[in-house]
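J.:
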């Protein structure tokens with residue numbers, strides 16, 4: 001059985017060795033992670049968006065983790081609010097799969113409304129930019145699904 005640490009190591013190794021654009025490796029990881037506990041999968045993949053120690057090779061690692069999170073769509077053990085706050089400072093703006101995962105997990109309208117309601121309460125410019133970019137990707141997901 002794959003635990004969180006083993007999943008983190010596998011994702012890190014694939015991202016660092018092959019980059020985010022290797023469909024064979026992504027598909028291999030999907031097959032392996034489908035056999036793991038949803039909770040382990042979620043926390044291992046989501047850790048790439050909040051854990052400072054996993055930010056070396058940030059784009060590649062987050063792209064692989066985001067792709068897997070979106071494709072596998074494990075149930076989120078975290079509330080949307082906690083998930084957004086955890087990721088807002090470290091998430092790479094170009095990884096649309098994280099906001100798209102939230103749209104899948106919580107519903108696009110719920111995510112868009114939450115992010116819109118959150119914006120007026122934020123003072124940090126970097127966090128505002130992050131939330132605005134999350135909204136951009138969620139609106140794109142919304143249009144894609146209609």
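Residue numbers (this note's numbering): 1 to 146. Glycine is no exception: its CB is placed at the ideal position from the N, C-alpha and C atoms. The structure displayed is predicted, hence computed values, not measured ones.
#1: Could you name the residues of the same chain whose beta carbon sits closer than 8 angstroms to that of residue 104, not counting the 5 residues immediately before and after it, in chain order?
#2: So, at 6 angstroms on beta carbons, what are the nonlocal neighbours of residue 38 in its own chain, with the 5 sequence-adjacent residues on each side left out?
#3: Kindly list the residues whose CB is nearer than 6 angstroms to the CB of residue 44, restricted to its own chain and excluding five residues on each side of it in sequence; keep chain order.
#4: Between residue 112 and the rest of its own chain, which residues show a CB-CB distance below 7 angstroms, the 5 nearest in sequence each way excluded?
#5: So is residue 107 buried or exposed if we call it buried at 16+ other beta carbons inside 10 Å?
#6: Unbroken alpha helix (DSSP H) runs of length 4 or more, entirely within the stretch 24-89: which are they?
#7: Which residue's Cα is closest to the Cα of residue 51: 34, 92 and 126?
#8: What are the boundary residues of the alpha helix (DSSP H) that residue 101 is part of?
#9: Just the C-alpha distance for residue 54 and residue 60, rounded to the nearest angstrom, thanks.
#10: What residue from 84, 25 and 86 has the CA that sits closest to residue 63's CA?
#11: Does residue 113 come out as helix, strand or coil in the three-state DSSP assignment?
#12: Residue 49 to residue 115, Cα distance in whole Å?
#13: By how many angstroms is the C-alpha of residue 133 removed from the C-alpha of residue 31?
#14: Looking only at its chain, what residues have a beta carbon closer than 6 angstroms to the beta carbon of residue 127, apart from the 5 residues adjacent to it on each side?
#15: So what does DSSP say about residue 91, is it helix, strand or coil?
T.: With the given structure in hand:
#1: The answer, listed in chain order, is 70 and 73.
#2: Same-chain partners within the cutoff: 74 and 75.
#3: Around residue 44: 4, 7 and 8.
#4: If we look at residue 112 and ignore the five residues flanking it on each side, its Cβ neighbours are 135, 138, 139 and 142.
#5: Exposed is the label assigned to residue 107, since fewer than 16 other Cβ atoms lie within 10 Å of its Cβ.
#6: If we require 4 residues or more, the alpha helix (DSSP H) runs fully inside the stretch 24-89 come out as 38-46, 58-72 and 80-87.
#7: Out of 34, 92 and 126, 92 has the C-alpha closest to the C-alpha of residue 51.
#8: Unbroken alpha helix (DSSP H) run through residue 101: 97-106.
#9: Spanning the alpha carbons of residue 54 and residue 60 requires a straight line of approximately 11 angstroms.
#10: Of the candidates 84, 25 and 86, the one whose C-alpha sits nearest the C-alpha of residue 63 is 25.
#11: Reduced to three states, the DSSP call for residue 113 is helix.
#12: Roughly 17 angstroms separates the two Cα atoms.
#13: So the two alpha carbons sit approximately 31 angstroms from each other.
#14: Correct list, in chain order: 88.
#15: Per DSSP, reduced to three states, the secondary structure at residue 91 is coil, with no helix or strand assignment.
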